[in-house]
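Numbered per our numbering, the sequence shown spans residues -13 to 260.
One structure is given here, and the rest of the page talks about it.
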Amino acid sequence: MSRAPRKADPVVPAEFNLLNSVENSIKEMIKDKEENPGLILPYSFLDSYNRPEMLELYNTIYDYSKTLTEINTLIKQEEEKQHEYKETTKDLSKQLSEQGKIVAQKYGELILKERIFRKNQDDQNFFETIIYFIVKVLKPAFDRPQLIMLEEELNRLFRGTAFNISERRHKTEEKVKKLPQLKGTSRKDPDSIITNILMRQKILKNKAKIDMSRDRTLPAFVKLTPYKSITARSPLISMLLPSPKDKIREFEEVRKRKAKNTIKLKPLPMNDSC
-13 MSRAPRKADP
-3 VVPAEFNLLN
7 SVENSIKEMI
17 KDKEENPGLI
27 LPYSFLDSYN
37 RPEMLELYNT
47 IYDYSKTLTE
57 INTLIKQEEE
67 KQHEYKETTK
77 DLSKQLSEQG
87 KIVAQKYGEL
97 ILKERIFRKN
107 QDDQNFFETI
117 IYFIVKVLKP
127 AFDRPQLIML
137 EEELNRLFRG
147 TAFNISERRH
157 KTEEKVKKLP
167 QLKGTSRKDP
177 DSIITNILMR
187 QKILKNKAKI
197 DMSRDRTLPA
207 FVKLTPYKSI
217 TARSPLISML
227 LPSPKDKIRE
237 FEEVRKRKAK
247 NTIKLKPLPM
257 NDSC
């Protein structure tokens, strides 16, 4: 009798309440603004942060974050039941893809409603604040390692891989933590640049396999080349309004998954008497 695929332990504390976190986060941001007037906190965002379409966006991203965190937890667990984890991760990946499309739809609805009333600069500040605010709202729900991963993923969804500022910052912090010598070296000095390169090559990449596995589960994930970086769109927009290239890429990914999961039958032995 086959056992049901094992699920990861709950990733969110039972006492976490999303709406309470929204209100607590906006109070903290207002307090930070009062203490530091130079911080950007658009008044338009204060008027809109708890509107129905905004709350729907928070909820869809919260569901997306829980699923992604569950996938990440399963990948990091022991591989004593490798097939079992693989099947569970595959099911969760499909769920994550559907949730990503829902996030894209809610974000598209928000864009259509909000951009009508905003000037260009205010528009940019408003949508940049959304990303920061959502990460702040989710902070009480996840532990720090998971939150770092989620912050990178939300920045990827909204900004795209090429402009994922959080990912670059986290990678730089991790390198400096492993090799403190990198912090004090100057990038303008050619000798220091060479030294940096040599030291980075010595950094252990023990998380590479985990990161690659996670990337393959992310909706609309594209490994960018310098050329693709120029014309890249954010994954949310690609899911909402897929270009012909996006459709071809999605078709190829589905085809490869089906081919990989197809059981190859061994050829029947030839009968000499025939």
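Glycine included, each C-beta is placed from N, C-alpha and C at the ideal position.
Here the structure is a predicted model, which is why all the values come from computation and not from measurement.
Near residue i, which residues of its chain fall below 6 Å by C-beta distance, leaving aside the five closest residues on each side in sequence?
| i | result |
| --- | --- |
| S226 | A quick correction: the sequence has Leu, not Ser, at residue 226. So the qualifying residues of the chain are A90, G94. |
| D49 | Q85 |
| S199 | Unreliable positioning characterises S199 in this predicted model, as indicated by a pLDDT of 48, which lies under 50. The coordinate reading is nonetheless provided below. Once the five neighbours on either side are set aside, the close Cβ partners of S199 are I61. |
| K122 | S11 |
| E318 | Coverage of the chain is limited to positions -13 through 260, which leaves residue 318 absent and any answer about it impossible. |
| E100 | none |
Using the rule of at least 16 other Cβ atoms within 10 Å of the residue's Cβ for burial, across every protein chain shown, is residue i buried or exposed?
| i | result |
| --- | --- |
| G86 | buried |
| K92 | buried |
| I120 | buried |
| I234 | exposed |
| I57 | buried |
| R130 | exposed |
| R241 | exposed |
With distance defined between alpha-carbon atoms, name the residue in the options nearest to residue i.
| i | options | result |
| --- | --- | --- |
| L78 | E100, L98, S51 | S51 |
| L222 | T46, N58, P131, E100 | T46 |
| T75 | T55, I88, K92 | T55 |
| T53 | A245, E236, E139, P230 | E139 |
| L82 | E236, L204, A245, E239 | L204 |
| P38 | F237, L96, S7 | L96 |
| Y35 | E21, N22, P23, I16 | I16 |
| E1 | E236, A127, N10, Q132 | A127 |
| S7 | N141, L41, E21, E236 | L41 |
| N3 | Y44, E21, P230 | Y44 |
| T59 | N141, E100, V(-2), E238 | V(-2) |
| E9 | K99, D33, K80 | D33 |
| E236 | M135, L98, K80 | K80 |
With a threshold of 8 Å on Cβ separation, who are the neighbours of residue i within its own chain once the five nearest residues in sequence on each side are excluded?
| i | result |
| --- | --- |
| P28 | D108, N111, F112, T115 |
| K19 | L25, L27 |
| L133 | V121, L124, K125 |
| L136 | S51, L54, T55, V121, L124, F128 |
Helix, strand or coil for residue i per DSSP?
| i | result |
| --- | --- |
| R142 | helix |
| R235 | helix |
| V(-3) | coil |
| F112 | helix |
| Y35 | coil |
| S229 | coil |
| Q85 | helix |
Go through its chain and collect everything with a Cβ distance to residue i's Cβ below 7 Å, but skip five positions before and after it.
| i | result |
| --- | --- |
| F144 | I117, S220, L222 |
Shorter than 7 Å, the distance from the beta carbon of residue i to the closest heavy atom of the ligand ADP, or not?
| i | result |
| --- | --- |
| R241 | Although the ligand ADP was asked about, the structure shown includes no ligands whatsoever. |
Is the CB of residue i under 8 Å away from at least one CB in chain B?
| i | result |
| --- | --- |
| E42 | Going by chain labels, chain B is absent from the structure shown, which holds only one protein chain. |
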